[in-house]
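Reading through the structure tokens given below for one structure.
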Amino acid sequence: MIIILLVLTLFCAFLATQTSRLLHATLWLAGVSALTSTMFYFIGAWTIAVVELSVGAGLVIVLVVFVITMIGDEQQPVQIKRLPLVLIVFMLLFILILTVPLIPFSSTIDLPMLDSELWQNRELDLLVQITLIFAGVLGVLGLLRASDIDEKTEAVQTSNKIRPTVEREAIS
Amino acid sequence: MSAFIAMFVCAWFLLGIGVYGLMTTHNFLRVMIALQLMVKGALIILVVAGYLTEQFALGQSLAITVITVDTLVMVIGLALAVQVKTHKGTLNIDEVINAEG
Chain A
135 MIIILLVLTL FCAFLATQTS RLLHATLWLA GVSALTSTMF YFIGAWTIAV VELSVGAGLV
195 IVLVVFVITM IGDEQQPVQI KRLPLVLIVF MLLFILILTV PLIPFSSTID LPMLDSELWQ
255 NRELDLLVQI TLIFAGVLGV LGLLRASDID EKTEAVQTSN KIRPTVEREA IS
Chain B
7 MSAFIAMFVC AWFLLGIGVY GLMTTHNFLR VMIALQLMVK GALIILVVAG YLTEQFALGQ
67 SLAITVITVD TLVMVIGLAL AVQVKTHKGT LNIDEVINAE G
């Protein structure tokens, strides 16, 4: 079952980089997220599965689709470039040959609770994450506010350009 | 156990597909999508490594951190994409760099 999910994940990921339309690429990315969360569910990482499904396949995809509707979906022809593909495949094979024999084969696997790990051993991580979320929200607000300021500045500049001509016409 | 090794291999190939997307595209949003693919691969590697080293909870907690940071990167990248499109009129990275001179 997991092997089928893995093959589907790689298929969706490759199509996400090869489709000509951005919206289709986003939908393939959503497929990758959903399949990844399904894999996490099957291996017993239920919390990560839920978080990945809700954030990776939900929030991020909604945001990307929203941005695509704002700025427009340009259709771009995508060609498979062989040299980078061959280089990456060789690099991956090299890494896998080096790393796979080092994987530990433990038969007794204990599954401790994630809650205790999160709230007792890694509480500093949680604090950093909360701070990061606030920093991200403030950053996005700052970016959007910068666009508002630019629009106001352009409006003031255009009104300053228009005003003297109107005054001249009124005087004449 | 073989399923975990298969997941480990798949995660590396997911990373590779993300790197390939980064190398071949010039569109800002496609770069963000390729980064997302790479982060998915890293996520799978973290969880599988936690499972194989008998530190499953640690791997999951690190994966939650990665998801949080990844979402932040995506949100800020999307806001930057909107700004670039508004001011430069294009999402092509080469055109934006050439326009800057």
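Listed in order, the protein sequences are those of chains A and B. Numbering-wise, the first sequence is residues 135 to 306 according to this note's numbering. Numbering-wise, the second sequence is residues 7 to 107 according to this note's numbering. We put the beta carbon where it would ideally sit given N, CA and C, even for glycine.
_Inter-residue spacing [alpha-carbon to alpha-carbon] between residue 260/A and residue 237/A_ = 29 angstroms
*Identity of the residue in 161/A, 157/A and 150/A nearest residue 205/A by Cα*: 157/A
_Inter-residue Cα distance where the pair is residue 208/A and residue 33/B_ = 10 angstroms
*How many angstroms separate the CA atom of residue 27/B from the CA atom of residue 293/A?*
45 angstroms
*Could you tell me whether the stretch 212-229 of chain A touches the stretch 72-86 of chain B, using the rule of 3 or more Cβ pairs below 8 angstroms?*
no
*Examine the Cβ distances between the stretch 159-171 of chain A and the stretch 186-199 of chain A and report whether three or more of them are shorter than 8 angstroms.*
yes
*Over the uninterrupted alpha helix (DSSP H) stretch that includes residue 36/B, give me the two end residues.*
34-58
*asked:* Below 7 angstroms on C-beta distance, what does residue 256/A contact in chain B?
replied: 67
*Out of 264/A, 250/A and 212/A, state which residue places its alpha-carbon closest to the alpha-carbon of residue 31/B.*
212/A
_Closest to residue 42/B by C-alpha separation, out of 175/A, 155/A and 146/A, would be which residue?_
146/A
*Name the DSSP beta bridge partners of residue 98/B, please?*
33/B
*Please list, in chain order, all residues of the same chain as residue 171/B whose beta carbon is under 8 angstroms from its beta carbon, the five residues on each side excluded.*
Nothing about residue 171/B can be reported from this structure: the residues present for chain B run from 7 to 107 only.
*asked:* By the three-class DSSP mapping on this structure, what secondary structure does residue 238/A have?
replied: coil
_Contacts of residue 185/A in chain B (Cβ-Cβ under 7 angstroms)_ = 70 and 73
*Pick from 71/B, 35/B and 17/B: whose alpha carbon is nearest that of residue 251/A?*
71/B
_Against chain B, which members of the stretch 168-182 of chain A pass a CB distance test of less than 8 angstroms?_
170, 173, 174, 177, 178, 179, 181 and 182
*Buried versus exposed, by CB contacts within 10 Å (16 or more), residue 23/B*: buried
*Quick one: which chain A residues come within Cβ less than 9 angstroms of residue 23/B?*
144, 147, 148, 150, 151 and 222
_residue 201/A, enclosing alpha helix (DSSP H) - first and last residue_ = 194-205
*Taking the CB atoms as reference points, tell me whether residue 256/A and residue 67/B lie closer together than 8 angstroms.*
yes
_Status (buried if at least 16 other CB within 10 Å, exposed otherwise) for residue 13/B_ = buried
*For residue 52/B, is the classification buried or exposed, using 16 other Cβ atoms within 10 angstroms of its Cβ as the cut-off for buried?*
buried
*Quick one: list the residues of chain B neighbouring residue 165/A, beta-carbon separation under 7 angstroms, in chain order.*
Correct list: empty, because the minimum Cβ distance to chain B is about 11 angstroms.
*Does residue 91/B have its Cβ less than 8 angstroms from a Cβ in chain A?*
yes
*Would you say residue 27/B reaches chain A, if we count a Cβ-Cβ gap shorter than 8 angstroms as a contact?*
yes
*Using a Cβ-Cβ distance under 8 angstroms, would residue 78/B count as near chain A?*
yes
*Hey, does residue 192/A have any beta-carbon neighbour from chain B nearer than 8 angstroms?*
no
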